[in-house]
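Going down the list, the sequences are from chains P and R.
In terms of my numbering, the first sequence has 80 at position 80, counting the first letter as 1, and numbering is strictly consecutive.
In my numbering, each residue's number is its place in the second sequence (first place is 1) plus 1000.
Heads up, the beta-carbon is just placed ideally off N, CA and C, and yes, glycines get one too.
Note that this is a predicted model, so its numbers are computed, not measured.
Step one of this worksheet: look at the structure below.
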Amino acid sequence: MIGYIVRRLLLVALVACGVTTLLFVLARLSGDPAELLSPPEAPPEVVEATRIRLGLDAPLAVQYAKALASSFTLDFGQSFAFHQPAAQMVFQRLAPSLWIVVPSIVLSVLLSFAIGVAAALRPSRLSGRLLMAGTFLTGSVPYFWLALLLVLLFAVNLGWLPATGGEGFTSLVIPVTALTVAAVSTSARLARGQLLDSFGEGYVLTARSKGVAPWRVLLGHALPGALPPMLAWLGIEFSFLFSALLVLEPLLGYNGLGALLIRSVANQDFPLVQASVFCMAMLITLVNIGMDVIVRLVDPRLRTKAAT
Amino acid sequence: MKIRGAVKTAATLRPPAGGGAGAALAMRDVEVSLPSARGSLRILRGVTFTVGRGEVVAVAGESGSGKSTSILAALRLLPPGARVTGSIVLDGEDVLAMPRRGLRGLRAGRARLVFQDPWRALHPMKRIGAQLVESARTADPGLSAAAARELVEHTLAGVGIPDPPARMRSYPHEISGGQAQRIVIAMALVARPAVLLCDEPTTALDVTTQAQILELLRRLNRELGISIVIATHDLDVIADVADRLVVMYAGEVVEEGPTAEVLSAPRHPYTWSLLRAAPGAAEGGRLRAIEGRPPSPAEEPAGCAFAARCPSVHEICTTTRPEPRHVLPGRASACLRAEGYGPVPAGGGR
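Structure, rendered in structure tokens:
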């Protein structure tokens, strides 16, 4: 088990290098930030001075080595546009983003579990079919469109909620609702499918034949069997929610990591782009590894295979 | 009410708590239909047989004959949507009329199932000890966790599991098939059931282990008086273990009687064909394929379901549906020409 975790963490280092390399190449292909940061009519000497100040005059190999090193020192240098350490800015913007993502994950897990169980218990009845039809409906609504509708209704027309971020917990309601609705549909369908598979397993029949109470058959026997794929899915859902922030945060005027990344890309702010993408990639990788480890803890069969 | 409270402390395999008058299991004219895409399928077509107290009865037949369905129906464990008519009395209870709670009590404490594939029957993600302790405590909710563990340890030792405490810490994928089936049987025994219903208990096991499991079942029957029903497609199983034999074909009982008598002088051409299709012990005595296939549950033959494959089919067989009837003392056959069935087929006897 410990060997497994160590192997997965070595993979993290590999992901870090890969992300850094990709970013480095893409950033250098995207143009010259020195020209963008200089006044339009600036003479070539001024642009050149800016380039030297930003460290962009060094040979590409040196710049690349610096970028690679920064993934391990976590020092990504000064933001070109804001003149602050990039890592520090990213760190500050991370908390507001997590305030959207974490409640969305928690709510969607609870909701999709409830819906999945309810639908799996009556798969052929009308109520069960209606629930599944409902998840198809919510799943086909784009989350950014839903967010805009919610703003229109609750912020503009009714005035119950703030339209933008930065106003405490009430500004979380709209983005969290939009993301939860988007995330619930797939995971509820997954939960239902996995539970139905589990109901057909011999061990569930064994539990019923032992006279185990129905709720214990569900929670103690059917659910554990359905759990591993659902946990693995949770890691994927986490990366979906983070990528959704890139659209949702600028749209709702929310000052999180997503909005920061969009702006730094537009500014060709290399250190900031690198720091924020690196941060997201690491979070997503670590969460997924965490899920793999939890799946192994839950399912003894995987543990034995890993040991041999 | 059963007297349960008096025996709280753990002991080795104790006699079953059930009992009383009447049969262990009485199926009378049981019909089962399951819903399917093309209308409902009749899986059982009026099955009648009785398992007396302390008896070992084998229900034999090809796959699809309805033997497993009969066993699941006896505990009302058929998939949702199944329609069951007729009468099923299990350990003195009218199973089809029982409320859910009562049914759960019956399953928990008095009539237990042993499944074909022990690895499918055990939960792959739970320790064996936890699964057996749960089994003991559903049967007797008053049992403390410690007492349940002790009971489980003794029962495991009783079914021949070496080092029970170590096995209780194992997961099902860490043990052999023979051990797994012993554990499944122990999981049933911790409830001290009056009736044990076994659905092909040895099919998933190798030949040596099969014999050991059958011997264990026979011993449990002799020492504890547990009534045992074994669904099987293996004639070897029947010969050594069962007192009586019920032969099923296409959802019907075609022949019934004491095992030795049925095997030495069958009174139904299907049983006869089965024995002839198993040429001696050299090939294990399994039910070999007889020419043709049994009718599918969707078909409704006008006459005898076996007519199409019967070596001695008569005109009347295709038009008249035979009912099981007594042909000799203690023997029943559902063949219109059962009386014409004389001596043992050459090479088919034992």
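Query	Result
Cutting at 6 angstroms between CB atoms, please list the residues of its own chain near residue 264 of chain P, excluding the five before and the five after it.	272, 273
Assign residue 226 of chain P to one of three DSSP states: helix, strand, or coil.	helix
DSSP beta-bridge partners for residue 1033 of chain R?	R/1042, R/1083
From residue 178 of chain P to residue 158 of chain P, what distance separates their C-alpha atoms?	18 angstroms
Distance cutoff 8 angstroms, beta carbons only. Does residue 210 of chain P sit that close to anything in chain R?	yes
Just the C-alpha distance for residue 1223 of chain R and residue 1155 of chain R, rounded to the nearest angstrom, thanks.	14 angstroms
Which class does residue 1282 of chain R belong to by DSSP, given the choice of helix, strand or coil?	Any reading at residue 1282 of chain R needs caution, since the residue's pLDDT is 40, under 50, leaving its predicted position unreliable; the model's value is listed next. If DSSP states are grouped into helix, strand and coil, residue 1282 of chain R belongs with the helices.
What separation, rounded to the nearest whole angstrom, lies between the Cα atoms of residue 1024 of chain R and residue 1053 of chain R?	5 angstroms
What did DSSP end up calling residue 1199 of chain R once you bin it into helix, strand or coil?	strand
Do the CB positions of residue 188 of chain P and residue 112 of chain P come within less than 8 angstroms of each other?	yes
Would you say residue 306 of chain P lies against chain R (beta-carbon separation less than 8 angstroms)?	Annotation note: pLDDT 48 at residue 306 of chain P (below 50); position unreliable, no value reported.
Got a sec: is the Cβ-Cβ distance from residue 159 of chain P to anything in chain R below 8 angstroms?	no
Quick check: residue 25 of chain P and residue 242 of chain P, are their CB atoms within less than 8 angstroms of each other?	no
Please give the ranges of any beta strand (DSSP E) in the segment 112-177 of chain P, keeping only runs that are unbroken, at least 3 residues long and fully inside the region.	none
For residue 202 of chain P, which residues in chain R fall below 7 angstroms Cβ to Cβ?	1115, 1117, 1120, 1121
So residue 1135 of chain R packs on residue 1098 of chain R, CB below 8 angstroms; how close in whole Å?	Actually they do not touch by this definition, with Cβ atoms about 21 angstroms apart.
Return the chain-ordered list of same chain residues with a C-beta closer than 6 angstroms to the C-beta of residue 1220 of chain R, the five sequence neighbours on each side being excluded.	1226
Taking the Cβ atom as the reference point for each residue, do residue 1159 of chain R and residue 1216 of chain R lie within a distance shorter than 8 angstroms?	yes
Where do the N-terminal and C-terminal ends of the beta strand (DSSP E) with residue 1326 of chain R fall, by residue?	1325-1328
Measure the alpha-carbon distance for residue 1337 of chain R versus residue 1314 of chain R and round it to whole angstroms.	9 angstroms
Output the distance between the C-alpha atoms of residue 60 of chain P and residue 131 of chain P, rounded to the nearest integer angstrom.	56 angstroms
Have a look at the DSSP bridge pairing and note the partners of residue 1331 of chain R.	R/1328
Among all the DSSP beta bridges, which residues are the ones paired with residue 1094 of chain R?	R/1089
Taking the C-alpha atoms as reference points, what is the distance between residue 1150 of chain R and residue 1293 of chain R?	50 angstroms
Starting from the beta carbon of residue 301 of chain P, find every residue of chain R whose beta carbon is closer than 8 angstroms, and list them in chain order.	1124, 1125, 1171, 1173
Leaving out five residues before and five after residue 227 of chain P in sequence, what residues of the same chain have Cβ atoms less than 7 angstroms from its Cβ?	298
Do residue 1048 of chain R and residue 1029 of chain R have their C-beta atoms closer together than 8 angstroms?	yes
Look at residue 251 of chain P and residue 174 of chain P and say whether their C-beta atoms are less than 8 angstroms apart.	no
Within the same chain, show all residues whose beta-carbon is closer than 8 angstroms to that of residue 1316 of chain R, passing over the 5 residues directly before and after it, in chain order.	1303, 1336
Identify the contact partners of residue 205 of chain P in chain R, using a Cβ-Cβ distance below 7 angstroms as the criterion.	1077
Please determine, among R/1244, R/1032, R/1109, R/1061, the residue with the shortest C-alpha to C-alpha distance to residue 1082 of chain R.	R/1032
Verify whether the separation of the beta carbon atoms of residue 1251 of chain R and residue 1044 of chain R is less than 8 angstroms.	yes
Using 10 angstroms around the beta-carbon of residue 261 of chain P, count the other beta-carbons present and answer buried if the total reaches 16, otherwise exposed.	buried
Would you say residue 269 of chain P and residue 80 of chain P are within 8 angstroms of each other, going by their C-beta atoms?	yes
Less than 8 angstroms between the C-beta atoms of residue 1084 of chain R and residue 1243 of chain R, yes or no?	no
Opposite residue 1050 of chain R in the DSSP bridges: which residues?	R/1026
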